[in-house]
Amino acid sequence: MNNNKPIYVTQPHLPSLEEYIPYLEKIWENKILTNNGPFHQELEKRLSDYLGVEHIALFTNGTIALITALQALRITGEVITTPYSFVATTHSLLWNAIKPVFVDIDPNSFNLEPNKIEAAITPQTTAIMSVHCYGHPCDVEAIQKIADIYNLRVIYDAAHAFGVEDQGGSLLRHGDLSILSFHATKVFNTFEGGAIICPDAKTKQRIDHLKNFGFVDEVTVVAPGINGKMSEINAAFGLLQLEHIDQALARRKEIDAMYRQLLKEVKGISCVQDAGEQIANYAYFPILVEEDYPISRDELYHKLRDNNIYTRRYFYPLISTFPMYRGLASASPTNLPVASNLSSKVLCLPIYPDLTDIQVDFIAQVILGEKK
Ligand SMILES: *Cc1c(COP(=O)(O)O)cnc(C)c1O
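Heads up: the sequence shown begins at 175 in the working numbering, then just goes up one per residue.
This is how it looks when you write it as structure tokens:
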């Protein structure tokens, strides 16, 4: 097969334009564009039902949701977090003038290693911000146990974890708050968007105030809030996406199984296993390129590019290596051996609902060395 059309690591799932038009007509009719409009309210309700959570506050994107979550809980001082994530996780701390303290990850789950958290706690520590990397659950029980002992808050960056469930239900019920991203590249997208999952109505109310400049009513401002509101255009698109999400997740699952089958005998390539979730979302397909693979990870990355396949090295470089973080004592590579090692080996292969079997097969052939 010749692969003329580029294959990217992901491609947003778009329903047909005709399906979206009636939503737009509704907006043009009622002239409500934002500020908790009817589509916004409906999406909050429908998402709560779909995700199996009670209280959800929609946002303009996941990063503003992270920043607002820290504000809502009044987090200050130091926060323990992972270097193995998208930069927004840690940037949200800097935007709150909080000092990130990096802790290494578990080699199997790629998530914060609970056994290494306690040693990083100081009198300034107020919270743990953990990421369910690739949608694979953190060791939520171990993290909560430490948080209870040291009286810390727990915030989950669940940007990858839309729809993931563990044995007890939605993964999003854990911690004090969980944050979702609905960015175009995520499993469920509203073009741009995000949300905070709140434990109770009171917390949701505070967050709703914070995302709307702190307004409680026309004349009352209770906090230095931000503009984090989701618009009606995005909310309407989310409602439409929700109609197609089960189908999209089912196709992701098929692709995941295909890759595992095609790559299982390849020496030096290992497919990252899930972390025992009850319902997975197949958001990413990370592989590790080990020493006994004929070429290096970066050589494979470039070879795939030469074949018009654009994989991504999520997460390389580590957040802790960026200029605004690398001066921190906890950013030292000797403090983060597992994250550093995995970051040098990982490659995320294309996975999205419209990826065809033929394309998956072609990608596997390149990795198998059957293509130049
Ligand atoms: C995508 C992502 C974010 C940021 O979400 P946006 O909606 O793009 O602002 C934060 N954390 C992680 C882990 C992400 O993957």
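Note that the Cβ used here is the ideal one computed from N, Cα and C, for glycine as well.
Just so we're clear, the structure is a prediction, and the values are computed from it rather than from any experiment.
Straight-line Cα distance separating residue j from residue i
i, j, result
"Tyr182", "Phe387", "38 Å"
"Thr255", "Leu286", "7 Å"
"Asp528", "Tyr194", "19 Å"
"Tyr499", "Cys445", "30 Å"
"Tyr433", "Thr296", "44 Å"
"Cys522", "Pro507", "22 Å"
"Asn401", "Lys205", "20 Å"
"Ser405", "Val540", "42 Å"
"Asn325", "Thr184", "39 Å"
"Pro373", "Arg248", "16 Å"
"Gln318", "Lys179", "46 Å"
"Pro366", "Asp535", "In the sequence as presented, Pro is not what sits at residue 366; that position holds Glu. Taking the straight line from one Cα to the other gives about 31 Å."
"Leu516", "Glu392", "51 Å"
"Asp350", "Asn509", "27 Å"
"Ala321", "Arg327", "6 Å"
"Ser190", "Tyr224", "22 Å"
"Tyr308", "Glu473", "23 Å"
"His383", "Glu218", "16 Å"
"Ile419", "Gln435", "25 Å"
"Arg425", "Thr530", "10 Å"
"Leu570", "Leu188", "Since the first residue shown for the chain is 175 and the last is 546, residue 570 is missing from the structure and cannot be characterised."
"Pro524", "Val277", "29 Å"
"Ala513", "Glu339", "25 Å"
"Phe260", "Pro212", "32 Å"
Contacting residues, own chain, Cβ-Cβ under 8 Å from residue i (five flanking each side not counted)
i, result
"Ile353", "Gly236, Ala239, Leu240, Ala243, Ile329, Tyr330, Asp331, Ala332, Ala333, Gly368, Ala369, Ile370 and Ile371"
"Pro468", "Gly442 and Gly543"
"Tyr475", "Thr485, Arg487 and Leu521"
"Val395", "Phe387, Gly388 and Phe389"
"Glu252", "Ile272, Lys273, Pro274, Val275, Thr296, Gln298, Thr299 and Thr300"
Nearest residue (CA-CA) to residue i, options the options
i, options, result
"Leu221", "Ser355, Gly309, Glu392 and Ile279", "Ser355"
"Leu437", "Gln452, Arg425, Phe459 and Asn515", "Phe459"
"Asp480", "Lys546, Asn289 and Val314", "Lys546"
"Val305", "Glu292, Lys427 and Ser283", "Ser283"
"Asn289", "Ala424, Ile201 and Asp313", "Asp313"
"Tyr526", "Ala457, Glu203 and Trp202", "Ala457"
"Trp202", "Arg327, Glu464 and Ile407", "Ile407"
"Ala397", "Pro189, Gln245 and Ala231", "Gln245"
"Pro257", "Gln533, Leu423, Ala503 and Ile532", "Ala503"
"Ile532", "Leu188, Ile429, Phe489 and Glu292", "Ile429"
"Ile302", "His214, Ile323 and Gly309", "Ile323"
"Gln379", "His214, Tyr197, Leu188 and His229", "His229"
"Asn363", "Ala422, Glu451 and Ile291", "Ala422"
"Phe489", "Ile279, Ala375 and Phe336", "Ile279"
"Ala449", "Glu465, Ala335 and Val512", "Ala335"
"Ala358", "Ile537, Ala538 and Pro186", "Pro186"
"Gly399", "Phe260, Asn270 and Glu192", "Asn270"
"Leu416", "Asp466, Gly337 and Gln452", "Gly337"
"Lys360", "Thr377, Leu268 and Asn455", "Asn455"
Simplified DSSP state of residue i, which is helix, strand or coil
i, result
"Leu413", "helix"
"Phe459", "strand"
"Gly343", "strand"
"Met432", "helix"
"Lys273", "strand"
"Cys372", "strand"
"Thr530", "coil"
"Ile206", "coil"
"Val183", "coil"
"Asp382", "helix"
"Ser518", "helix"
"Ile407", "helix"
"Glu252", "strand"
"His229", "strand"
"Arg486", "strand"
"Tyr224", "helix"
"Tyr467", "coil"
"Val396", "coil"
"Arg426", "helix"
"Ser194", "As written in the sequence, residue 194 is Tyr, which differs from the Ser given in the question. If DSSP states are grouped into helix, strand and coil, Tyr194 belongs with the helices."
"Leu217", "helix"
"Phe536", "helix"
"Arg479", "helix"
Residues near residue i by beta carbon distance below 7 Å, same chain, minus five either side
i, result
"Glu216", "Leu413"
"Lys403", "Thr208, Asn209, Thr234, Lys385 and Asn386"
"Thr250", "Ile272 and Thr300"
"Val227", "Ser344, Leu346, Arg347 and Ile371"
"Ala293", "none"
"Arg471", "Val463, Ser518, Lys519 and Leu521"
"Ile548", "Nothing in the structure corresponds to residue 548, since the chain is present only between 175 and 546."
"Val145", "There is simply no residue 145 to check, as the chain begins at 175 and stops at 546 in what is shown."
Min CB distance residue i to chain B below 9 Å
i, result
"Ala271", "The displayed structure is made up of one protein chain only, and chain B is not part of it."
6 Å Cβ shell around residue i - same chain, five flanking residues per side excluded
i, result
"Leu478", "Thr485 and Val540"
Original post:
Can you find at least 3 beta carbon pairs, one from the region 485 to 493 and one from the region 332 to 347, that sit closer than 8 Å?
Top reply: no
**OP:** Evaluate the contact criterion for the region 253 to 271 versus the region 409 to 424: three or more CB pairs, one atom per stretch, below 8 Å.
**Re:** no
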